[in-house]
Amino acid sequence: GDSVTQMEGPVTLSEEAFLTINCTYTATGYPSLFWYVQYPGEGLQLLLKATKADDKGSNKGFEATYRKETTSFHLEKGSVQVSDSAVYFCALSGTGNTPLVFGKGTRLSVIA
Amino acid sequence: GAVVSQHPSWVICKSGTSVKIECRSLDFQATTMFWYRQFPKQSLMLMATSNEGSKATYEQGVEKDKFLINHASLTLSTLTVTSAHPEDSSFYICSASHPGAMNTEAFFGQGTRLTVV
Numbered sequence: 002g003d004s005v006t007q008m009e010g011p012v013t014l015s016e017e018a019f020l021t022i023n024c025t026y027t028a029t030g031y032p033s034l035f036w037y038v039q040y041p042g043e044g045l046q047l048l049l050k051a052t053k054a055d056d057k058g059s060n061k062g063f064e065a066t067y068r069k070e071t072t073s074f075h076l077e078k079g080s081v082q083v084s085d086s087a088v089y090f091c092a093l094s095g096t097g098n099t100p101l102v103f104g105k106g107t108r109l110s111v112i113a
Numbered sequence: 056g057a058v059v060s061q062h063p064s065w066v067i068c069k070s071g072t073s074v075k076i077e078c079r080s081l082d083f084q085a086t087t088m089f090w091y092r093q094f095p096k097q098s099l100m101l102m103a104t105s106n107e108g109s110k111a112t113y114e115q116g117v118e119k120d121k122f123l124i125n126h127a128s129l130t131l132s133t134l135t136v137t138s139a140h141p142e143d144s145s146f147y148i149c150s151a152s153h154p155g156a157m158n159t160e161a162f163f164g165q166g167t168r169l170t171v172v
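Chains as they are written, first to last, in my numbering: chain A, 2 to 113; chain B, 56 to 172.
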């Protein structure tokens, strides 16, 4: 079945450091890919998405490119802030009637 | 984006009592909603798929009689934790997607922190 593998954390970075969180997937068909962010004590928020190969999703300085040839969707940010501390989940889509397939999540801590 | 509202945000209850959690899609009709459970510092565990007008589909290992799901309308699904015990303490999250849309994102509620004492 479909699956998502993302790098395990926790990841601790200093403010203004470069961030990469790796995500690879296995899927049949042509899924959409997502990054969700979860701040402490909250639900998940969609951070960015890409719906087809070579698409780049971007939001709040974060970027990820849908690479079909490497089945990857790595999350990057050039300069992290303390407020970026959260758990990040990579996911791929089903249809409206099937749940997303999530990776295990990567906890990011950014220190000043 | 679409909005999914979950209520309450947190609840404390005594062992043996039941707790109901509501999940509402505010600006779209959701024929299907999903309920997840999240343990501290862990990923989401899918508990069940809630289908409007029919029985929920539970994942393996999830007790149907303990976690009652009702999806009586196109905008509301409820999860009732019956005869709650301390081990049921957890963070519960619901989600919904636009019905019939292919490869669509899911919209999540804010989550409910349940503490059973």
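A virtual CB, placed ideally from N, CA and C, is assigned to each residue, including glycine.
Predicted model only: the values in this text are computed from it and were never measured.
- Look at residue 70 of chain B here: in three-state DSSP terms it is coil, with no helix or strand label.
- Excluding sequence positions up to five before and after residue 111 of chain A, its CB lies within less than 7 Å of the CB of 14, 16, 81, 82, 83, 85, 86, all in the same chain and listed in chain order.
- Using a CB distance cut-off of 8 Å, residue 44 of chain A counts as an interface residue toward chain B.
- For the beta strand (DSSP E) assignment, the uninterrupted runs of no fewer than 3 residues enclosed by the segment 13-71 of chain A are, from N- to C-terminal side, 20-22, 24-27, 34-39, 45-51, 57-60, 63-66.
- According to DSSP, residue pairing for residue 98 of chain A in a beta bridge does not occur.
- Taken in chain order, the complete beta strand (DSSP E) segments of 3 or more residues contained in the segment 58-134 of chain B are 59-62, 65-68, 74-80, 87-93, 99-106, 122-128.
- Per DSSP, the continuous beta strand (DSSP E) segment holding residue 171 of chain B begins and ends at 167-171.
- Separation of the CB atoms of residue 68 of chain B and residue 171 of chain B is rounded to 6 Å, and the pair is thereby assigned contact status at 8 Å.
- Using a Cβ-Cβ distance cut-off of 8 Å, the segment 144-156 of chain B and the segment 82-92 of chain B are in contact, since at least three pairs of beta carbons, one from each stretch, lie closer than that value.
- Annotation for residue 107 of chain A: the continuous beta strand (DSSP E) segment containing it runs 107-112.
- When beta bridges are read from the DSSP output, residue 150 of chain B appears opposite B:89, B:163.
- For the pair residue 103 of chain A and residue 99 of chain B, the CB atoms are nearer than the 8 Å cut-off.
- At a cut-off of 8 Å between C-beta atoms, residue 163 of chain B counts as an interface residue with respect to chain A.
- Cβ atoms of residue 58 of chain A and residue 51 of chain A come within 8 Å of each other, at about 4 Å.
- The beta carbon of residue 67 of chain A is closer than 7 Å to those of 34, 51, 53, 54, 55, 56, 74 in its chain, skipping five residues each way along the sequence.
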